[in-house]
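The structure under discussion appears below in the form of structure tokens.
Following this line, the structure appears as structure tokens:
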């Protein structure tokens, strides 16, 4: 049995059957085509259709994109979405980096347990976590009750819930594990010999961090920023539950076009515009990643 496995492993690549290769690539190819390429192509197709109440629209037109480009409402909401997503990304990365740093360099035997605790929020529903923050920030919620019982305030305030700050806090908490793990992987792959060499050359801990750890961990930081930024731009559940009218994001408008408005072509056009904006951000981040990679 073991000799058969060793023999199979030692077979040159050109001896592998084309049928076997096709069978191995078929499931992933089907998933890629139907769930990604076909869905993306359908959205682009719908974006150039006119709305007549039907599922696929009628005719070919660029009116949907002209409306997006000329109506200041969509520019304002898109800019607000980018600002909120940027604040969420900044808050998440800044708070995730110390956690990842501790896991990589100081956790010791507790590392596996702490990694388990980091991934523990994935065991609960995203909606449940948003509801929990709604209870905390509500008018009669945990935060207001704590301040009143401590004597800091005399009556509850509406300054917490239905605000952009509530959206930022909730999203930052929800996506924190997505930021911690890429940064931890980047930090954990830094050779300890580099830190030892810096110490032998007389570098202090902060200097070692600034000259060795931080530059080498930047690919992980950029990856974490993208992982957080991309989904938060189009999020519509959190703004609808803990944000108010001043927190309306582009995802909420897209959802309303596919829902109440029943204007799928215009919703698809909005989606394509958001994807183009995100693509520009990804290209900028990729250029920054290459720049940091060349420096290190």
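Numbering (full-length UniProt numbering), first residue to last: 1 to 296.
Ideal Cβ placement from N, Cα and C applies to all residues, glycine included.
Residues sharing a beta bridge with residue i, DSSP
| i | result |
| --- | --- |
| residue 50 | 58 |
Whole-angstrom C-beta distance between residue j and residue i, which should lie under 8 Å
| i | j | result |
| --- | --- | --- |
| residue 242 | residue 161 | 6 Å |
| residue 265 | residue 57 | 4 Å |
| residue 244 | residue 163 | 6 Å |
| residue 126 | residue 174 | 6 Å |
Sequence-distant residues of the same chain with beta carbon closer than 7 Å to residue i, five excluded per side
| i | result |
| --- | --- |
| residue 158 | 139 |
| residue 43 | 268, 271, 272 |
| residue 278 | 230, 233 |
| residue 91 | 168, 172 |
| residue 177 | 118, 119, 121, 122 |
| residue 20 | none |
| residue 17 | none |
Closest by C-alpha distance to residue i, when choosing among the options
| i | options | result |
| --- | --- | --- |
| residue 97 | 84, 214, 152 | 214 |
| residue 62 | 151, 168, 46, 55 | 46 |
| residue 224 | 77, 185, 133 | 185 |
| residue 251 | 77, 101, 153 | 77 |
| residue 208 | 195, 286, 165, 105 | 195 |
| residue 228 | 114, 117, 180, 72 | 180 |
| residue 99 | 54, 22, 118, 86 | 118 |
| residue 49 | 187, 192, 60 | 60 |
| residue 170 | 155, 192, 144, 137 | 137 |
| residue 130 | 94, 238, 73 | 238 |
Sequence-distant residues of its chain with Cβ nearer than 6 Å to residue i (five each side left out)
| i | result |
| --- | --- |
| residue 289 | 219, 222 |
| residue 147 | 153 |
| residue 285 | 222, 226 |
| residue 236 | 251, 252, 255 |
| residue 89 | 225, 228, 229 |
Contact set for residue i: own chain, Cβ-Cβ below 8 Å, skip 5 residues either direction
| i | result |
| --- | --- |
| residue 93 | 179, 183, 221, 224, 225, 228 |
Do the region 257 to 275 and the region 65 to 80 meet, that is, are 3 or more Cβ pairs less than 8 Å apart? yes
Is the region 256 to 268 touching the region 198 to 213, taking contact as three or more C-beta pairs under 8 Å? no
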